[in-house]
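Student: So in the working numbering, spot 39 of the sequence shown is number 63, and the numbers just go up one at a time.
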Amino acid sequence: MAESYAHFLKHPIFKVVAEVSRTEGFEVYVIGGFVRDCFLDRPSKDIDIVVVGDGPGFAKQVAQKLRIRNLTVFARYGTAHFKYKD
25 MAESYAHFLK
35 HPIFKVVAEV
45 SRTEGFEVYV
55 IGGFVRDCFL
65 DRPSKDIDIV
75 VVGDGPGFAK
85 QVAQKLRIRN
95 LTVFARYGTA
105 HFKYKD
């Protein structure tokens with residue numbers, strides 16, 4: 025990764041995402057507008073993460089570590105959503 029993009033990954037949520045991924049064996053990828061905004065060197069308002077396997081389970085673990093209570097799970101689609109501010 026080019027040095028100019030590294031600052032985008034300093035958001036505190038990535039530390040927790042990496043920790044849960046590593047300890048629980050999840051394979052995760054950052055996708056969508058966040059990646060586009062990195063290339064365009066502009067701020068991003070959200071982060072989309074795709075998980076190979078149990079996405080809602082992964083989101084629950086990340087939310088728990090971040091002490092987030094407003095996790096919404098969309099069981100029909102196998103997705104989850106929460107809001108986080110640092």
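Cβ atoms here follow ideal geometry from the backbone N, Cα and C, with glycine treated the same way. The structure presented is a predicted model; accordingly, all values stated were derived computationally and were not measured.
List the DSSP bridge partners of Thr47.
Tutor: By one-based count along the sequence shown, residue 47 stands at place 23. DSSP lists no partner for Thr47.
Student: Looking at C-beta atoms only, is the number of pairs between the region 77 to 87 and the region 54 to 64 that lie closer than 8 Å three or more?
Tutor: With the cut-off at 8 Å, the region 77 to 87 and the region 54 to 64 do not touch.
Student: Within 10 angstroms of its Cβ, does Phe82 collect 16 or more other Cβ (buried), or is it exposed?
Tutor: Residue 82 sits at position 58 when you count from the first residue of the sequence shown. Buried, by the Cβ-count rule.
Student: Work out the CA separation of Val44 and Lys69 for me, nearest whole Å.
Tutor: Residue numbering aside, residue 69 sits at position 45 when the sequence shown is read from its first letter. Residue numbering aside, residue 44 sits at position 20 when the sequence shown is read from its first letter. Those two C-alpha atoms are separated by around 22 Å.
Student: Residue range of the beta strand (DSSP E) that Phe82 falls in?
Tutor: On the sequence shown, residue 82 is found 58 positions in, with the first residue counted as 1. Looking at the DSSP string, Phe82 is not in any beta strand (DSSP E); the run it does join, the alpha helix (DSSP H), is Gly79 to Lys89.
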